[in-house]
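Be aware that the sequence shown starts at 59, since it is given in our numbering, and climbs by one per residue. The C-beta atom is built at its ideal place from N, Cα and C for all residues, glycine as well.
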Amino acid sequence: MKRKALFVVQDKGGQGKSLLTANLWEWVNAQTPGAAWRLVEVEQRLNLDLFSQPRYFGAAAVTQLCLATYSDRTKRTTPSLDPLDELVKFAEEGANLVIDFGASTYGLFSLWLQERKGYKPFLAAGYEFVFLVPVCGDGDAEAAMFYNQNHAFMSKLGQVVLVRNFKDGTRFNKLDADKVGRAIDVLEAVDPLAADLHNDTEGLRRTFGMAMADDTLCFRSRTDAEDILRDLHSQFTSLKDILVP
């Protein structure tokens, strides 16, 4: 039986990874009633107290992995690959996975895949890898560079999907055209919807569906959320052959 591991990756912050992950999570669950999915967030944070706060993407509780270990002797945290070994346990459980890799964590994940052969338990269990890489356009050259530089390695392991986050006048000229295959385009959420989607003080990542159904939000927020969600679901559906088992 084929299983899916959907990795949302982009080392540059502010590219829409968490928003994409939350909405992708809702969609794949709606498309596969009865299938088991696990939602994981991988971060590299120095403040472990903050990281211990519960996080929710939509209605789903997030399993969190912090790529750092704390030393009682030095009173410091240092980057570590060890927490990624938890992913092997998830593979053994057999659930499909949606994993949001926070800023600056992909390098450690890539190292884990290569040095510890972390991909082998997944392949043995019948998993198919899909890497979704959000990029906000030429205004952030670092994000486009991440896509260009890591495309070859990701392509060896599975499918690569470019996620273009559009704003008015956005251009993507800094992406290598020969590396752009399957892609989806996400419309920009502007205020007041953009502000309504965030509620980080409670560890909550709202989805467009949540905003659309929230009667406490203004009419414009709800209608904008409905328009973006309809378009995004259409984009996901165009990739259904690789996104769902």
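Query	Result
Suppose the cutoff is 6 Å on Cβ atoms and the five residues either side in sequence are ignored; what does the same chain contact list for L64 look like?	V156 and V188
Per DSSP, which residues does T136 bridge with? Please list them.	T127
Just confirm the distance between the C-beta atoms of T163 and L125, as a whole number of angstroms; I'd bet it's less than 8 Å.	6 Å
Classify D282: buried if its beta carbon has 16 or more other beta carbons within 10 angstroms, exposed otherwise.	buried
Excluding sequence positions up to five away, which residues of its chain have a Cβ less than 6 Å from the Cβ of K75?	V66, Q68, D158 and P192
Which of the three DSSP states, helix, strand or coil, is assigned to R264?	coil
Going straight from the alpha carbon of W85 to that of R288, what length do you get?	11 Å
Taking 8 Å as the threshold, find out whether the segment 238-251 comes into contact with the segment 286-303 through three or more Cβ pairs.	yes
Only counting the same chain, and skipping five residues up and downstream in sequence, which positions put a Cβ closer than 6 Å to that of V219?	L190 and R240
Using the C-alpha atoms, what's the distance from R278 back to P141?	42 Å
What did DSSP end up calling Y205 once you bin it into helix, strand or coil?	helix
Can you give me the C-alpha to C-alpha distance between S168 and G176, rounded to a whole angstrom?	9 Å
Could you tell me how far apart the beta carbons of P303 and A161 are, in whole angstroms, since I believe they sit closer than 8 Å?	The pair is not a contact, with the Cβ atoms about 29 Å apart (cut-off 8 Å).
Would you tell me roughly how many angstroms separate the C-alpha atoms of Q89 and T135, rounded to the nearest one?	40 Å
Tell me which residue opens and which closes the beta strand (DSSP E) that N223 is part of.	G216 to N223
How many whole angstroms separate the CB atoms of L77 and L255, which I take to be in contact at a CB cut-off of 8 Å?	7 Å
Quick one: Cα of L108 to Cα of Q122, how far?	Bear in mind that the predicted position of L108 carries a pLDDT of just 47, short of 50, making it unreliable; the figure below should be weighed with that in mind. Answer to the nearest angstrom: the Cα atoms are 12 Å apart.
Let me know the secondary structure DSSP gives N105 once reduced to three states.	Caution applies to N105, whose pLDDT of 47 falls short of 50 and renders its modelled position unreliable; the value that the coordinates give is listed next. Reduced to three states, the DSSP call for N105 is coil.
Take E144 as the anchor and find which of E99, E186, G267 and N208 has the nearest alpha-carbon.	E99
Going by DSSP, what residues sit across from V156 in a beta bridge?	L64 and L97
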